[in-house]
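See below for the structure under consideration.
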Amino acid sequence: MSDFKKYIRLVKEFGPKIAYLKIMQKLFKKNEKLGKKYTIAKQKYITDKIKNEFYDIFQTDKKKNYADGYYLQENSPIWVFWWQGFESAPILVQKCIESIEKNAYQHPVILITRENINNYVDIPDYIYEKLEKGYITYTHFSDILRVSLLAKHGGIWMDATIYTTGDFTKEMINYNFYSNKIKPFGSFISQCRWSSFFIASGKENPICIICRDVFLEYWKSHDVLIDYLLIDDVIYLAAKENEKIKAAIDKIPFNNEKIYELQRVINSPFSHEQLEEINKETNIFKLSNKYKYEKYVNDIPTFYSYIIGHKN
316 MSDFKKYIRL
326 VKEFGPKIAY
336 LKIMQKLFKK
346 NEKLGKKYTI
356 AKQKYITDKI
366 KNEFYDIFQT
376 DKKKNYADGY
386 YLQENSPIWV
396 FWWQGFESAP
406 ILVQKCIESI
416 EKNAYQHPVI
426 LITRENINNY
436 VDIPDYIYEK
446 LEKGYITYTH
456 FSDILRVSLL
466 AKHGGIWMDA
476 TIYTTGDFTK
486 EMINYNFYSN
496 KIKPFGSFIS
506 QCRWSSFFIA
516 SGKENPICII
526 CRDVFLEYWK
536 SHDVLIDYLL
546 IDDVIYLAAK
556 ENEKIKAAID
566 KIPFNNEKIY
576 ELQRVINSPF
586 SHEQLEEINK
596 ETNIFKLSNK
606 YKYEKYVNDI
616 PTFYSYIIGH
626 KN
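If you want the numbering used here, it's the 1-based position in the sequence shown plus 315.
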């Protein structure tokens, strides 16, 4: 769907103000003061809309007695998703998955594709229909999938572009909800208190249940996404509306604070000393499959070359 068609649908479904705020935010992206002003205004408009439309979901789950919920177990599954199948995935994705399997400790790694989704969760037909029409992207389908899997089974969701360098699981079993948490940067509504590409929870966790129920209800009546990071908007609202959820998020310790560092240096000459420095207190790294990477810089292998195991 083109940007123009998206704005037309946004105006039709949510009113002209959301389109105006998105356009102004984009126009003033490089202006720190005005960019922040329109980002905050857009976030408030979106969260107000979501809260009002799905008020009953937030209130119903607020009244349930979850106690401390189910904690992650030492054998909770790790979920990794690649729609087309992993055999045809890019080499970077394949190496990321190999690293997850290598460092998963006692956690079974379950690879989800379009062929086996129904073995684990039931996704309504209207979701697949809107996916086929292009109203839902594969990225946002994966948002629906991740919270559905975690709500039903619990476990650890890891995007297929996460690269691990050591056992990343032992601390998690002390929590019923866990994610990457770093010092805030940018204007993200999460304030970097969680990352949707790496979320772990016990089964029937209220955060995942609320996200799942909001997503399924949202796509019943909408054909355009109000916000790319809708999952963060919903988690933010869930924490704002429910003290137990807020407490669970606040309880997450700072962890893997260099999670983006390997991506930053991926096209730089590889150095064991630099890798050891990056690995200090960080063993989960978020990479991206959207960019072009070089195997060599001035005939020296890069970090990308090291990750994919390229041999001269």
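Where is the CB? At the ideal position from N, CA and C, for every residue including glycine.
Residue i classed as buried or exposed, judged by whether at least 16 other C-beta atoms fall within 10 angstroms
i    : result
L407 : buried
P439 : exposed
F500 : exposed
A562 : exposed
N627 : With a pLDDT of 40 at N627, under the threshold of 50, the modelled position of this residue cannot be trusted, and the question is left open.
T454 : exposed
L336 : buried
D542 : buried
F330 : The sequence given here places Gly at residue 330; Phe does not occur at that position. The residue is exposed, with fewer than 16 neighbouring Cβ atoms inside 10 Å.
G517 : buried
L552 : buried
T354 : buried
I338 : exposed
Y490 : buried
S403 : exposed
N346 : exposed
T479 : buried
N367 : exposed
G481 : exposed
S270 : The question about residue 270 has no answer here: the residues shown for the chain are numbered 316 through 627.
L387 : buried
S505 : buried
Within 9 Å, strictly: CB atoms of residue i and residue j
i    : j    : result
T617 : I593 : no
T476 : L602 : yes
P584 : I615 : yes
N571 : I497 : yes
E430 : G400 : yes
D548 : Q340 : no
A419 : I393 : yes
F373 : E558 : no
I564 : I522 : yes
F369 : V529 : yes
E328 : H587 : no
K566 : F492 : yes
I361 : V462 : no
D474 : F503 : no
K595 : K573 : yes
W509 : K445 : no
Y385 : E486 : no
DSSP-derived helix/strand/coil call for residue i
i    : result
G481 : coil
L590 : helix
G350 : helix
I567 : coil
S457 : helix
F396 : strand
N627 : At N627 the pLDDT is 40, less than 50, meaning the model places this residue with poor confidence and gives no usable figure here.
F319 : helix
P584 : strand
F343 : coil
L387 : coil
Q506 : coil
D542 : coil
A419 : coil
Y551 : helix
E576 : helix
F373 : helix
D437 : coil
E532 : helix
R324 : helix
L336 : helix
K445 : helix
F500 : coil
Minimum C-alpha distance to residue i - residue among the options
i    : options                : result
Y435 : L426, P405, Y441       : L426
H468 : D548, T454, A515       : A515
D458 : F319, E347, G517, V395 : V395
L460 : R527, Y360, K344, G470 : R527
Q421 : C411, S391, K410       : S391
R324 : L540, F483, Y608       : L540
P405 : I550, G350, K607       : K607
K417 : F483, K345, K321       : F483
P423 : F456, I412, L544       : I412
L590 : K352, I622, I560       : I622
Y619 : K410, I333, L465       : K410
I524 : L465, Q506, K348       : L465
D371 : S414, A334, E532, R579 : E532
D363 : K348, I333, Y385       : I333
T428 : I415, I442, W397       : W397
Y575 : N495, I550, L544, V612 : N495
Near the ligand HEM: residue i beta-carbon under 8 Å from a heavy atom
i    : result
F530 : In the structure on display, the ligand HEM does not appear, and there are no ligands present to speak of.
Residue i - partner residues in DSSP beta bridges
i    : result
I514 : W472, S494
P616 : Y611
V424 : I393
F600 : Y478
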